[in-house]
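Novice:
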Amino acid sequence: MQLFALGLNHHTAPLAIRERVAFRPESLVQALADFVKEKPVKEAAILSTCNRTELYFATQQPQHAADWFAEYHRLALPELSPYLYTLPQRDAVRHVFRVASGLDSMVLGEPQILGQMKDAVRQAEEAGTLGATMHKLFQRTFSVAKEVRSTTAIGANIVSMAAAAVHLSERIFERVSDQRVLFVGAGEMIELCAAHFGGEKPKRISIANRTVSRAEALAERFGGDVLRLDQVGEALPGYDIVVSCTGSPLPVIGLGTVERALKARRRRPIVMVDLAVPRDIEPEVAGLDDVFLYTVDDLAQVVDSGLESRQAAVVEAEGIIDNRVDGFLHWLDSRGTVPTIRALREHADQLRLAELERAQRLLARGEDPLKVLEALSHGLTNKLMHGPTRFLNDADGDHRGDSAGLVQRLFNLSKDH
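In the working numbering, the protein residues as written are 34 to 450.
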């Protein structure tokens, strides 16, 4: 049984592919149960974010995971294969450590991925698909991520996706303070964006969300007002900047809605930032005049500018990760000897109990305690040495030297003995 990582990310697949294989949060627990039930997979977790969808699992036949992945998303495997990677055990462990540490993120060093991975682990625990091996893997993963973030400058001067959204808006509008901003959704990414845009003091901030109470909490924090999600289309003409990030499997803002908004705005431009995967805004909207539509891939180009300043921290972080990978793989290898160690201890304990019972009988008959202890020690020594002695005596001439060397290492004997 080996560990593997299989998936695709922003390095290997465009947004149009990534959104087709994203797992909806509410369906993830059932998907995990299906993954482990239908295929020869013993343990599994699934990480699905805007930038990546990855399966982490233990199995002997990794190809079954690729088959299941394509089948689950109703895609032909040949259509998906050009974007997929399958990483064997050492590479898989290193990859998980790097992802959690922010080294494989679209924004180098971004901290959100660690929380997303912890959520993935909680869902795997809820689905009952984490065993001892992967539980230990993620324990080590979170420890490594903490070490990387606390001992290197990997997160220093980070340019977040939220900050990039403000930057792109300022390319179109000279001052965000003169604009009206609508946020669609009320999750962590929208909260971050609202904080960044709120710092620019726009004319108006509105939050539209399916759950009104969540929207109200954000609106109160940032001095905004609240819309129901079904009011977005009607209200859209009144906003200059729209930032959307919901968990909807289908677009929440369509081409027709934006066309009508532009007509009502008399062709005044509108900036639309779609941070959702699958996308919240129909891609065809990008073709409209006076609409500046940006996706997560577009924002990545903005944040790349800070990459060079963090390269030294990357080298340091990679060194930490490589060392911790070796440690985890050593732990994995050592687990293979556990049954033998357990059997050896049980064998020794049986010998101990037999000699102890014999000594107790002699004491009950009134034998001299010192002689009984002497006999007990000799008996234990003879029985414990019987196996190694027989092993040496049974070795043939060609292997006798190897056998002697093995026993010397086993019992930490010097060659002079």
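Ideal Cβ positions, reconstructed from N, Cα and C, are used throughout, including at glycine.
1. Below 8 Å between beta carbons: does that hold for Leu288 and Glu315?
2. Determine the direct distance from the alpha carbon of Ser134 to that of Phe175, and round the result to whole angstroms.
3. Pro115: beta carbon under 7 Å from a heavy atom of the ligand COA?
4. Go ahead and label Gln212 buried or exposed: buried means 16 or more other beta carbons lie within 10 angstroms of its beta carbon, across all protein chains shown.
5. Consult DSSP for Glu203 and reduce its assignment to one of helix, strand or coil.
6. Let me know the secondary structure DSSP gives Val285 once reduced to three states.
7. Helix, strand or coil for Ser239 per DSSP?
8. With a CB to CB cut of under 6 Å and the five nearest residues on each side skipped, what residues in its chain are close to His128?
9. Taking the Cβ atom as the reference point for each residue, do Leu295 and Asp313 lie within a distance shorter than 8 Å?
10. Are the beta-carbon atoms of Val347 and Ile187 separated by less than 8 Å?
11. Count the other CB atoms within 10 Å of the CB of His380; is the residue buried (16 or more) or exposed (fewer)?
12. Quick test of your reading: Leu413 and Arg391, contact by CB under 8 Å. State the CB separation rounded to the nearest angstrom.
13. In three-state terms, what does DSSP make of Phe56?
14. Counting only runs that start and end within the segment 351 to 436, where is the alpha helix (DSSP H) found for 4 or more residues in a row?
15. Since Val276 contacts Val306 with CB under 8 Å, what's their CB separation in whole angstroms?
16. Excluding the 5 residues flanking Glu255 on each side, which residues of the same chain have their C-beta closer than 7 Å to its C-beta?
17. To which residues of the same chain is Thr279 closer than 7 Å at the C-beta, ignoring the five residues directly before and after it?
18. Would you give the residue range spanned by the alpha helix (DSSP H) that Asp451 belongs to?
19. Comparing C-alpha positions only, which one of Leu48, Lys72, Leu110 sits nearest to Pro95?
20. Since Leu362 and Val126 are thought to touch, with beta carbons under 8 Å apart, how far apart are those beta carbons, to the nearest angstrom?
21. For the alpha helix (DSSP H) containing Lys234, name the first residue and the last one.
22. Can you tell me which of the three DSSP states Lys296 falls into?
23. Cβ of Leu147 within 8 Å of Cβ of Ala178?
24. Buried or exposed: where does Thr244 fall if 16 or more other Cβ atoms within 10 Å of its Cβ makes it buried?
25. Is His10 buried or exposed, if buried means 16 or more other CB atoms sit within 10 Å of its CB?
26. In chain order, what residues of the same chain have a beta carbon less than 6 Å from the beta carbon of Leu36, not counting five sequence neighbours either side?
27. Check whether the Cβ atoms of Met167 and Tyr89 sit closer than 8 Å, and answer yes or no.
28. Sorted by chain position, which residues of the same chain lie with C-beta nearer than 6 Å to Ile274's C-beta, five sequence neighbours on each side aside?
29. Let me know if Trp364 comes out buried or exposed under the rule of 16 or more other beta-carbons within 10 Å of its beta-carbon.
30. With which residues is Thr92 paired in a DSSP beta bridge?
31. Please name the residue or residues paired with Glu87 in a DSSP beta bridge.
32. Grab the span of the beta strand (DSSP E) containing Ser13 for me, first residue to last.
33. Closest to Asp258 by CA distance: which of Val265, Glu249, Gln264 is it?
34. Out of curiosity, what's the CA-to-CA distance linking Thr86 and His200?
35. At the level of alpha carbons, what is the spacing between Ser210 and Phe325?
36. Rounded to whole angstroms, what is the Cα-Cα separation between Arg155 and Arg182?
Specialist: In this structure, then:
1. yes
2. 8 Å
3. The ligand COA is not among the ligands present in this structure, which contains no ligands whatsoever.
4. buried
5. helix
6. coil
7. strand
8. Ala38, Leu120
9. no
10. yes
11. exposed
12. With 8 Å as the limit, Leu413 and Arg391 do not qualify as a contact, their Cβ atoms being about 10 Å apart.
13. coil
14. 371 to 397, 402 to 427
15. 5 Å
16. The sequence shown places Phe at residue 255, rather than the Glu named in the question. Hits under 7 Å: Ala227, Gly231, Ile238.
17. Val217, Gly218, Val285, Ala309, Asp313
18. There is simply no residue 451 to check, as the chain begins at 34 and stops at 450 in what is shown.
19. Lys72
20. 7 Å
21. That residue, Lys234, is in no alpha helix (DSSP H); it is neither H nor E in DSSP.
22. helix
23. yes
24. exposed
25. Residue numbering for the chain in the displayed model covers 34 to 450; residue 10 lies beyond these limits and cannot be assessed.
26. Ala91, Gln122, Ala125
27. yes
28. Ser202, Gln212, Val214, Val304
29. exposed
30. Gln35, Val74
31. Gly40, Leu80
32. Outside the shown range of the chain, which is 34 to 450, sits residue 13, and nothing can be said about it.
33. Glu249
34. 27 Å
35. 18 Å
36. 22 Å
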